[in-house]
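J.: Pasting a structure here, questions to come.
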Amino acid sequence: MSKLDELIAELCPDGVVFKRFDEVCTLHARIGWQRLTRAEYKNSGEYMLITGTDFTPMHEINYKSCVYVSEDRYIQDPKIQLKDGDILITKDGTLGKVAQVNSLPMPATLNGGVFVVRSKDGLLLPRYILHFLLSGHFQKVVNRQKTGSTISHLTQSLFSRLQIPVPPLEVQREIVHILDSFVLLTAELTAELTAELTARKKQYEFYRDELLTFDTDVKIEPLGKLCELQAGKAIKAFLISEEKTPMAPIPCYGANGLRGYVNDYNQEGNKSVIGRQGALCGNVCYATGKYYATEHAVVVTDKGYFNSRYLFHALTHADLNQYKTAGAQPGLSVSRLNEVKIAVPNRNVQDKIANVLDNFESICTDLNIGLPAEIEARQKQYEYYRDLLLTFAETGNTIVTDRQTDRQTDRQTDRQTDRQSIIKLLQYVFGYVQVELGTIGKVSMCKRILKAETSPSGEVPFYKIGTFGKKADSFISRSKYEEYRRLYSYPKKGDILISASGTIGRTIVYDGEDAYYQDSNIVWIDNDESIVLNKYLLYCYQLQPWTVSTGGTIARLYNDNISKAKICVPSIEEQKRIIEILDKFENICNDLQSGIPAEIEKRQKQYEYYRDKLLSFKEL
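Quick note, the sequence shown lines up with residues 1 to 620 if you use this note's numbering.
In structure tokens form, the structure reads like this:
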């Protein structure tokens, strides 16, 4: 029984009280007549204004992104003067975003799109409220509001009617402790994975710049000669939704890329769109289908010179931000963009470059593969347990089933699949990739056979390390062989067996014949050949500088040493080419081993013949 179960059994054995939200919490927002306008926002000041756009994915406040307001606006409503511990939730725009105020650097207030939630009489812990507002139960209410009307918003009356479970504070603390631990773990892992993703993006940028740096024989022309550049049209801010909705399904591009979604379009087709205003001007987006370009975006229409994806990568490579004008509001004019020089290789080269860079870019951005998927999985794990822990039965028990072990196994399988997918993409993009053997398959071995289960003669050969690659001198029964082969690890035909003790690194190719192999002394990579062909793996093993353990009586090659050993893996096509070449050399060597002695013997016989001939004289 977990600590949480013990607390529930002790403190609320007969059930958990559910109360209306307004019974246990206060809810305040800037009322209508206090409405702020953007014209009142300041870039600096002594009174901070927090909006929903300042919420971070970790449900904190990014104070660096906040704007400022006058003292009058701050003191206007004491109920929304913020303090540490306050829970905030967006009620307009992007509904249901939640954050907690911590380490507030200065006096702060709210704009009209955010509620501040506080516990009444200490009945609820702030972090418990936060996790409840993030739960699937509450977010279902939010989602209904998104689709229930033309203008989406959460009302105070809606909040008031909501039912929230109010367990004893000790139970709340334990729930918060568990969920905060998940949040912390998720944050740490996400940070690590994000760092890795950043490194991948830098790799992409490096190879993009390499591919798009040409010799002098490639034509380089001004962008204005090759394309038509045209700024979009202004649109009122209130017509732009932060999220895609049935009422606003069309992407809208502005100064900083994708600005939101609208219900109409002014552009169509696959084109690059350049942001032309602000500190980030010069950013390039690739727009497809129907979309809207504002006056702060420049649409690039090709005159027939480019692969559209090549042009996008080339414009990104051009670092257009360097051409911005100086001043309080940096910008890029269409006339200046027209002067930017772009390389125009032949179309075949453009196609290949675009294909390579698109595939590499997918490693960084596709949520169905690689690191972003891993980050998403961590977040979903937290959400899974959060919703379970906040689901109380009428009996007072939490509806929690322990699937941790199964989920870990599933995640390991998913990670293996993701890693292999990434390896395949890298093979395609770069031609080869260096990988650890553990990423292509699991180190495997046969089930242990006891000495008493072997005999000098029998039905199935049993190879020990001393007879590995030679003639077996021990055997096991057919029934034992069939049972162990069915229940435990067993090599597939073509798998490369490796000696892990004695003479380290000897190899044979399993030929599919009935045989059994000594556990831990004879191992193999359970390889499906989707990344590495077994024959290529065999040649790699022959050159592999194995790291062995020499601490015991007999040197050993442990599974961990094998898993961490690295090999260079080209594409499957290149592996086949290498195998073909090495096989030819091997055949030549085998032929020479048999041919040269025969040739020597032949020469020796020639010598003997002529020796005897020359030394045979007619007797006088």
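For each residue, glycine too, the CB sits at the ideal point set by N, CA and C.
Note that this is a predicted model, so its numbers are computed, not measured.
1) So, are the CB atoms of Val631 and Val532 less than 7 Å apart?
2) Going by beta carbon distance, what residues of the same chain come within less than 7 Å of Phe312, once the five residues before and after it are set aside?
3) Let me check one thing: in DSSP terms, what residues is Asn527 bridge-paired to?
4) Grab me the residues of Ser457's own chain with a C-beta within less than 8 Å of its C-beta, minus the 5 sequence neighbours each way, in chain order.
5) To the nearest angstrom, how far is the alpha carbon of Lys219 from that of Leu332?
6) For Lys442, which residues of its own chain have a beta-carbon under 7 Å away from its beta-carbon, when the five flanking residues on both sides are left out?
7) Among the candidates Gly136, Phe360 and Tyr463, whose CA atom is the shortest distance from the CA of Ile522?
8) Since Thr316 is in the alpha helix (DSSP H), which residue starts that stretch and which ends it?
9) With the cut-off set at 7 Å, would you say Arg309 and Ala343 are in Cβ contact?
10) Which value, in whole angstroms, describes the spacing of the CA atoms of Ile61 and Pro78?
11) State the CB to CB distance for the pair Tyr539 and Leu582, rounded to an integer number of angstroms; the pair is presumed to be in contact (CB under 8 Å).
12) Are three or more beta carbon pairs between the region 152-161 and the region 11-27 nearer than 8 Å?
13) Using DSSP with H/G/I as helix, E/B as strand and the rest coil, what is Asp406?
14) Can you tell me which of the three DSSP states Pro218 falls into?
15) By Cβ distance below 8 Å, which residues in the same chain neighbour Val176 in space, the five residues on each side in sequence not counted?
16) May I ask you to report which of helix, strand or coil DSSP gives Gly278?
17) Give the secondary structure of Leu497 by DSSP, where H, G and I count as helix, E and B as strand, and everything else as coil.
18) Pair every Cβ in the region 66-80 with every Cβ in the region 95-102, then say whether three or more of these pairs are closer than 8 Å.
19) Using only the alpha-carbon positions, how far apart do Tyr323 and Ile572 sit?
20) Shorter than 6 Å, the distance from the beta carbon of Leu95 to the closest heavy atom of the ligand MN, or not?
21) Which residue spans inside the region 60-88 form an unbroken alpha helix (DSSP H) run of at least 4?
22) Out of Glu228, Thr213, Gly289 and Tyr261, which has the shortest C-alpha to C-alpha gap to Lys236?
23) Glu242 and Gly93 - do their beta-carbons sit closer together than 7 Å?
24) To the nearest angstrom, how far is it from the Cα of Glu228 to the Cα of Arg208?
25) Classify Phe468 as helix, strand or coil using the three-state DSSP reduction.
26) Which residues in the same chain have their Cβ closer than 6 Å to the Cβ of Leu133, if we skip the five residues on either side of it in sequence?
27) Which word fits Ala297, buried or exposed, when buried means at least 16 other C-beta atoms lie within 10 angstroms of its C-beta?
28) Could you tell me the alpha carbon to alpha carbon distance between Leu623 and Val16, rounded to whole angstroms?
29) Could you name the residues of the same chain whose beta carbon sits closer than 7 Å to that of Arg448, not counting the 5 residues immediately before and after it, in chain order?
30) Look at the alpha carbon of Ile508 and the alpha carbon of Ser477, and state the distance between them as a whole number of angstroms.
31) So, with DSSP's three-state summary, where would you put Gly32?
T.: According to the structure data:
1) Nothing can be reported for residue 631, as the shown portion of the chain is limited to 1 through 620.
2) Here the question's residue 312 lines up with position 312 in the sequence shown. Closer than 7 Å at Cβ, skipping near neighbours: Ser272, Val284 and Tyr286.
3) Here residue 527 corresponds to residue number 527 of the sequence shown, with the count starting at 1. Asn527 pairs with Gly441.
4) Position 457 of the sequence shown, counting from 1, holds the residue named residue 457. Answer for Ser457: Phe475, listed in chain order.
5) As a position in the sequence shown, residue 219 is number 219, starting the count at 1. As a position in the sequence shown, residue 332 is number 332, starting the count at 1. For Lys219 and Leu332, the distance between alpha carbons rounds to 25 Å.
6) Against the sequence shown, residue 442 aligns to sequence position 442. Answer for Lys442: Asp526, listed in chain order.
7) As a position in the sequence shown, residue 522 is number 522, starting the count at 1. That would be Tyr463, whose Cα lies nearest to the Cα of Ile522.
8) The residue labelled residue 316 in the question sits at position 316 within the sequence shown. From DSSP, the alpha helix (DSSP H) with Thr316 extends over Ser308 to His317.
9) On the sequence shown, residue 309 is found 309 positions in, with the first residue counted as 1. On the sequence shown, residue 343 is found 343 positions in, with the first residue counted as 1. Result no, Cβ atoms of Arg309 and Ala343 do not sit closer than 7 Å.
10) Taking the sequence shown and counting its residues from 1, one reaches residue 61 at position 61. Taking the sequence shown and counting its residues from 1, one reaches residue 78 at position 78. Answer to the nearest angstrom: the Cα atoms are 20 Å apart.
11) Stepping through the sequence shown from its first residue, residue 539 is reached at position 539. Stepping through the sequence shown from its first residue, residue 582 is reached at position 582. With 8 Å as the limit, Tyr539 and Leu582 qualify as a contact, their Cβ atoms being about 6 Å apart.
12) yes
13) Translated into the one-based positions of the sequence shown, residue 406 becomes position 406. In this predicted model, Asp406 has a pLDDT of only 41, less than 50, meaning its place in the structure is not dependable; the value taken from the coordinates is given anyway. Reduced to three states, the DSSP call for Asp406 is helix.
14) Counted from its first residue, the sequence shown places residue 218 at position 218. Residue 218 is actually Val in this sequence, not Pro. DSSP places Val218 in coil when its eight states are reduced to three.
15) As a working note, residue 176 is residue 176 in the sequence shown. Once the five neighbours on either side are set aside, the close Cβ partners of Val176 are Leu125, Arg127, Tyr128 and His131.
16) Taking the sequence shown and counting its residues from 1, one reaches residue 278 at position 278. Three-state DSSP puts Gly278 in coil, outside helix and strand.
17) Position 497 of the sequence shown, counted from the start, is the residue given in the question as residue 497. If DSSP states are grouped into helix, strand and coil, Leu497 belongs with the strands.
18) no
19) On the sequence shown, residue 323 is found 323 positions in, with the first residue counted as 1. On the sequence shown, residue 572 is found 572 positions in, with the first residue counted as 1. When rounded, the distance between both Cα atoms is 44 Å.
20) Because no ligand of any kind appears in the structure shown, any question about the ligand MN cannot be addressed here.
21) 71-75
22) On the sequence shown, position 236 is the one that residue 236 refers to. Of the candidates Glu228, Thr213, Gly289 and Tyr261, the one whose C-alpha sits nearest the C-alpha of Lys236 is Tyr261.
23) To locate residue 93, count along the sequence shown from 1; it is residue 93. To locate residue 242, count along the sequence shown from 1; it is residue 242. Yes; because the gap between Cβ atoms is below 7 Å, this pair is in contact.
24) Counting from one through the sequence shown, the residue named residue 228 turns up at place 228. Counting from one through the sequence shown, the residue named residue 208 turns up at place 208. Cα to Cα, Glu228 sits roughly 24 Å from Arg208.
25) On the sequence shown, residue 468 is found 468 positions in, with the first residue counted as 1. Coil, per DSSP.
26) What you label residue 133 is simply residue 133 of the sequence shown in a count that begins at 1. Excluding positions up to five away in sequence, the list reads Ile89 and Val98.
27) The residue given as residue 297 occupies position 297 in the sequence shown. Buried.
28) Residue 623 lies beyond the residue range present for the chain, which begins at 1 and ends at 620; the question has no answer from this structure.
29) Here residue 448 refers to the residue found at position 448 of the sequence shown. Excluding residues within five positions, the ones whose Cβ falls inside 7 Å are Asp519.
30) Along the sequence shown, one-based indexing puts residue 508 at 508. Along the sequence shown, one-based indexing puts residue 477 at 477. Ile508 and Ser477: Cα-Cα distance of roughly 23 Å.
31) On the sequence shown, position 32 is the one that residue 32 refers to. Gly32 falls in the helix class under three-state DSSP.
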